[in-house]
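Peer 1: What follows is a single structure, and I will ask about it in a moment.
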Amino acid sequence: MLSIKNLYASVEGQEILKGINLEIKPGEVHAIMGPNGSGKSTLANVLAGKDDYEITADEITFLGENLLDKSPETRAKDGLFLSFQYPVEIPGVPMVNFIKTAVNEHRKHRGEKELTAGEFLKLMRKKMELVELKTKLTNRSVNEGFSGGEKKKNEIFQMAMLEPKLAILDETDSGLDIDALKTVANGVNALKSPETSSIVITHYQRLLDYIVPDFVHVLYHGKIVKSGGKELAFELEEKGYDWIKKENGN
Amino acid sequence: MEEKDRIINDVTQSEYKYGFVTDIETDIIETGLNENVIRIISAKKNEPEFMLEFRLNAFRKWQKMKMPDWAYLKIPPIDFQKISYYAAPKTEAKYESLDEVDPDLLDTFNKLGIPVEEQKHLAGVAVDIVMDSVSVKTTFKDTLAEKGIIFCSFSDAVKEHPELIKKYLGQAVPVADNYFSALNSAVFSDGSFCYIPKGVRCPMELSTYFRINAANTGQFERTLIIADDDSYVSYLEGCTAPMRDENQLHAAVVAIITMDRAEVKYSTVQNWYPGNKEGVGGVYNFVTKRGICRGVSSKISWTQVETGSAITWKYPSCILLGDNSVGEFNSVAVTNNYQQADTGSKMIHIGKNTKSTIISKGISAGKSNNSYRGLVKVMPGAKNSRNFSQCDSLLLNDTCGAHTFPYIDVQNKSSIVEHEATTSKIGEDQIFYCNQRGIDTETAIGMIVNGYAKEVLNKLPMEFAVEAQKLLQISLEGSVG
Ligand SMILES: Nc1ncnc2c1ncn2[C@@H]1O[C@H](COP(=O)(O)OP(=O)(O)OP(=O)(O)O)[C@@H](O)[C@H]1O
Ligand SMILES: [Mg+2]
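From first to last, the protein sequence lines are chains A and B. Positions 1 to 250 (the working numbering) are the ones given, in order, by the first sequence. Positions 1001 to 1481 (the working numbering) are the ones given, in order, by the second sequence.
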């Protein structure tokens, strides 16, 4: 699915990612944890194609193709989805129009016909139910005035609409109340299949009770300093990051 | 007075005797501007005496005036003696088929979704007899005539309804209002005249009709709209299709007069050639638009989407004379590359309880400059009047400029004037968010810009709102990244 070999990324001369290696196979769920500012969102952004960064890597392939050659929109249409840590507001653009355009761009890319208005509305209703997103939200402008939790739900709603092959969830759990956390996790699980994978970035073990990871990685100072199974998350929850920091001489 | 008329008549008539008649045979007069040229224009158009007098008077005033230099515009010197002020409308088709037309132009037509027959018309291709717009026009004319609505070219109105023209010409826009209105008054080529009788609601947008006419409008257009008591009309000027024009200087005048409880909605989509990416060429657009709400509770609203022209100088205004009258100005102005726009509105409150709203959305890209300039003036007698102005600027990069020049002058204590202004830059984050959902940058900018301008676009008649949306996107193509 995704293979990252020796990825470096820097901004304005400051190195943020310092040699990331990661292999993700179809069907796998990888959790990435790590202290604030360690580079988790940067990794997500680099994969999605944000062009703020100077990037070098031996290789990054997504579905067997060179990822870095592709524009952000092509990556998206190839099946890479990023649920943003901080979803932006786009005033004046109704959510319905936005997601309809997105869905149809994806369909065009796959050589499929655009959905009719009826088909689209049916699909939208189904996916909104999945994450219990209120109908009135899709009539508002993209994320404008949405509460923190509503924004996160809206990200997962979009993911459900676009059915990606690889979903990167950047702190989707932050800002969600306990019930919403379950709903969102159920939504994510409903979309899980042997052909799809996800990267779940989180600070809390709690989310991983619902979205059970196959692997947990710790990102620290731009490097994956530790990897393990789901029990690693419990250990981190219990002990914090001090021991990791010590092990890595800081 | 009569004596004076007689003398003028004698003089002008006798001048015709001395050689001007032959000139009437030709189609284009030589460049330059003087009284003789004005006489020729008037004669070619077979105008009655009062029109010639109007033109000459305007010309004399114009000669004493100076080009305005207060706008935030760099205007290259214009040599008014190098311009030809009269050309008979071209009726011959330039091309036999669409294959001969510039593919770029056709590409834009297609993006705008303009039907093939209309594309031909706009590009100057010979049109099939069956599809010819003339038949469409006639149908419209019949419907309008039934209601007593007069809608015709300005020249026809001068001949067929001289009493109305005499009464209202120069009332909303006085001849010497400004340099360009004086010039227009002296040399105007043609335009439209519209009269809606008492109590009549015009049953259609006067847009489709106008659009069909649009391809041959001259460079000095003049439009006069009169809405009598309790009448209503929605009028659309211009066309979303790119208008190529060899005339660099355009100085139009539009005047609207509303009587008691009458309402006029005037919508403009302006897409004249803006020049190329390096800022070479393009139309200079100096427009005077003014409405007088003469009657009580009457309403005039100006809605404009300005994407074209190298230079735009334009301030559609309302004089709110009647008590309880309402003026509105809604504007989206896009500038890209080296375009310059200085546009806004004037709201002059004279009657009691008068209300006005100004909504201006500037969008700048490339190395362009986009200015809002507005005046809200509340006279001492305009008790309990209100104005709300909102001027927003959206910047697409760091090389363009946006400026706001609001002037407020309130002369009584019971009135309230509010002004809000914002400037924002289109967010890289917003574009990236769209990209991440599979939407390319150009479409994303189109969506964001249309979202930003929605409040104004919503005021356009439905069919044009859709076209204007596409137009905004096309005007900004290649402006980011
Ligand atoms: N565009 C940028 N310009 C400057 N610094 C940046 C930029 N993007 C990221 N950084 C810096 O890189 C470091 C890593 O940031 P990143 O957002 O990836 O951290 P994170 O692991 O996601 O943290 P958090 O858990 O707080 O979300 C931080 O120090 C941040 O300030
Ligand atoms: Mg982060």
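C-beta: ideal position from N, C-alpha, C; glycine also. Everything numeric in this text was worked out from a predicted model, so none of it was measured.
1) From B:Ala1465, B:Lys1147, B:Lys1470, pick the residue whose C-alpha is nearest to that of Cys1202 of chain B; which is it?
2) Check the Cβ-Cβ distances between Val1021 of chain B and every residue of chain A, and say whether any is below 7 Å.
3) Between which two residues does the beta strand (DSSP E) containing Ala1526 of chain B stretch?
4) Who are the near neighbours of Leu68 of chain A in its chain, counting only those whose CB is closer than 6 Å to its CB and skipping five residues on each side?
5) Counting only the same chain and skipping the five closest in sequence on each side, list residues whose C-beta sits under 7 Å from that of Tyr1168 of chain B.
6) Can you pull the chain B neighbours of Leu271 of chain A, defined as C-beta to C-beta under 9 Å?
7) State the start and end residues of the unbroken alpha helix (DSSP H) segment that holds Arg125 of chain A.
8) Closer than 5 Å is what we want: which residues have a beta carbon that near any heavy atom of ligand 1? List them in chain order.
9) Gln1436 of chain B: beta carbon under 6 Å from a heavy atom of ligand 2?
10) Starting from the C-beta of Ser1298 of chain B, find all residues in its chain whose C-beta is less than 8 Å away, skip the five residues before and the five after it, and write them out in chain order.
11) What residues match up with Gly1191 of chain B in a beta bridge as DSSP calls it?
12) Less than 7 Å between CB atoms is the rule here; does Val1130 of chain B satisfy it with respect to chain A?
13) Could you please give me the residues that DSSP links to Ile20 of chain A through a beta bridge?
14) Apply the 10 Å Cβ neighbour rule to Ser1414 of chain B and answer buried if 16 or more other Cβ atoms are within range, or exposed otherwise.
15) Please indicate yes or no: does the CB of Gln252 of chain A lie closer than 6 Å to some heavy atom of ligand 2?
16) Check whether the Cβ of Ile1439 of chain B lies closer than 7 Å to any Cβ atom in chain A.
17) Starting from Gln1270 of chain B, trace the beta strand (DSSP E) in both directions and tell me its first and last residue.
18) When burial is assigned at 16 or more other CB atoms within 10 Å of the CB, is Phe1193 of chain B buried or exposed?
19) Taking 7 Å as the threshold (beta carbon to beta carbon), is Ala76 of chain A in contact with chain B?
20) Using the C-alpha atoms, what's the distance from Gln1469 of chain B back to Ser1475 of chain B?
21) Around the Cβ of Met1067 of chain B, are there at least 16 other Cβ atoms within 10 angstroms (buried) or fewer (exposed)?
22) Judging by CA-CA distance, which residue of B:Ser1360, B:Met1379, B:Gly1381, B:Ser1084 is the nearest neighbour of Ser1371 of chain B?
23) Could you give the first and the last residue of the continuous alpha helix (DSSP H) run that contains Gln1063 of chain B?
24) Considering only their Cβ atoms, is the gap separating Asp173 of chain A from Gln85 of chain A smaller than 7 Å?
25) Could you give the residue range of the beta strand (DSSP E) that holds Glu54 of chain A?
26) State the start and end residues of the unbroken beta strand (DSSP E) segment that holds Phe62 of chain A.
27) Since Asp170 of chain A is in the beta strand (DSSP E), which residue starts that stretch and which ends it?
28) Who are the neighbours of Val188 of chain A on chain B, taking C-beta pairs under 9 Å?
29) Identify whether Tyr1435 of chain B lies in helix, strand or coil by the three-state DSSP scheme.
30) Answer yes or no: do Tyr1315 of chain B and Lys1346 of chain B have a C-beta to C-beta separation smaller than 7 Å?
31) Express the C-alpha separation of Lys50 of chain A and Lys38 of chain A in angstroms, rounding to a whole number.
32) Checking the sheet assignment: what are the DSSP bridge partners for Lys1377 of chain B?
33) Do the segment 16-30 of chain A and the segment 204-215 of chain A make contact, defined as three or more Cβ pairs closer than 8 Å?
34) Taking 7 Å as the CB-CB cut-off, is Leu82 of chain A touching chain B?
35) With distance defined between alpha-carbon atoms, name the residue in B:Trp1070, B:Glu1442, B:Lys1377, B:Thr1031 nearest to Ser1389 of chain B.
36) When you compare only the Cα positions, how much space is there between Ile24 of chain A and Lys192 of chain A?
Peer 2: By the coordinates alone:
1) In terms of Cα proximity to Cys1202 of chain B, the closest of B:Ala1465, B:Lys1147, B:Lys1470 is B:Lys1147.
2) Interpretation of Val1021 of chain B is limited by its pLDDT of 27, a score under 50 that renders its predicted location unreliable; the figure taken from the coordinates is listed afterwards. At a cut-off of 7 Å between beta carbons, Val1021 of chain B makes no contact with chain A.
3) Since the first residue of chain B shown is 1001 and the last is 1481, residue 1526 of chain B is not available in this structure.
4) A distance below 6 Å between beta-carbons, with the five flanking residues on each side excluded, links Leu68 of chain A to the following residues of its chain, in chain order: Ile60.
5) These residues qualify, in order along the chain: Leu1224, Ile1226, Ile1257.
6) Here chain A covers residues 1 to 250 and nothing more, so residue 271 of chain A does not appear.
7) Note, Arg125 of chain A: alpha helix (DSSP H), 117-130.
8) Near ligand 1, residues with a Cβ at less than 5 Å from any of the ligand's heavy atoms are A:Val11, A:Ile16, A:Asn36, A:Gly37, A:Ser38, A:Gly39, A:Lys40, A:Ser41, A:Thr42, A:Asp52; the list follows chain order.
9) Incorrect: Gln1436 of chain B has no Cβ contact closer than 6 Å to ligand 2.
10) Same-chain partners within the cutoff: Ala1227, Thr1258, Met1259, Asp1260, Arg1261, Ala1262, Glu1263, Gly1322, Ser1325, Val1326.
11) BP columns for Gly1191 of chain B point to B:Arg1222.
12) Legend: pLDDT at Val1130 of chain B = 33, less than 50; position of this residue unreliable, no value from coordinates given.
13) BP columns for Ile20 of chain A point to A:Leu7.
14) In this structure Ser1414 of chain B is exposed. Its beta-carbon is surrounded by fewer than 16 other beta-carbon atoms within 10 angstroms.
15) Summary: the structure shown does not reach residue 252 of chain A, with chain A confined to residues 1 through 250, and so no result is reported for it.
16) Taking Cβ atoms only, chain A reaches closer than 7 Å to Ile1439 of chain B, which makes this a yes.
17) Unbroken beta strand (DSSP E) run through Gln1270 of chain B: 1263-1270.
18) Phe1193 of chain B comes out buried.
19) Cβ-Cβ to chain B under 7 Å: yes for Ala76 of chain A.
20) Taking the straight line joining both Cα atoms gives about 10 Å.
21) By the neighbour-count criterion, in which 16 or more other beta carbons inside 10 Å mark a residue as buried, Met1067 of chain B falls on the exposed side.
22) Nearest neighbour of Ser1371 of chain B by Cα position, chosen from B:Ser1360, B:Met1379, B:Gly1381, B:Ser1084, turns out to be B:Ser1360.
23) For Gln1063 of chain B, the enclosing alpha helix (DSSP H) stretches over residues 1049-1063.
24) By the CB criterion at 7 Å, Gln85 of chain A and Asp173 of chain A fall outside the cutoff.
25) Counting along the chain, the beta strand (DSSP E) containing Glu54 of chain A begins and ends at 54-56.
26) Boundaries of the beta strand (DSSP E) harbouring Phe62 of chain A: 59-62, taken from the DSSP string.
27) Counting along the chain, Asp170 of chain A sits inside the beta strand (DSSP E) bounded by residues 166-170.
28) Around Val188 of chain A, no beta-carbon contact reaches into chain B at under 9 Å, the shortest distance being about 17 Å.
29) Looking at the sequence shown, residue 1435 of chain B is not Tyr but Asn. Here Asn1435 of chain B sits in helix by DSSP.
30) Yes.
31) Note on residue identity: the sequence assigns Ser, not Lys, to residue 38 of chain A. Cα atoms of Ser38 of chain A and Lys50 of chain A: separation of roughly 18 Å, rounded to the nearest angstrom.
32) For Lys1377 of chain B, which the question treats as bridged, DSSP gives the partners B:Ile1348, B:Asp1409.
33) Below 8 Å, enough C-beta pairs join the segment 16-30 of chain A and the segment 204-215 of chain A to call them touching: three or more.
34) Output row for Leu82 of chain A: interface = yes.
35) Nearest of B:Trp1070, B:Glu1442, B:Lys1377, B:Thr1031 to Ser1389 of chain B, Cα basis: B:Lys1377.
36) Taking the straight line joining both Cα atoms gives about 14 Å.
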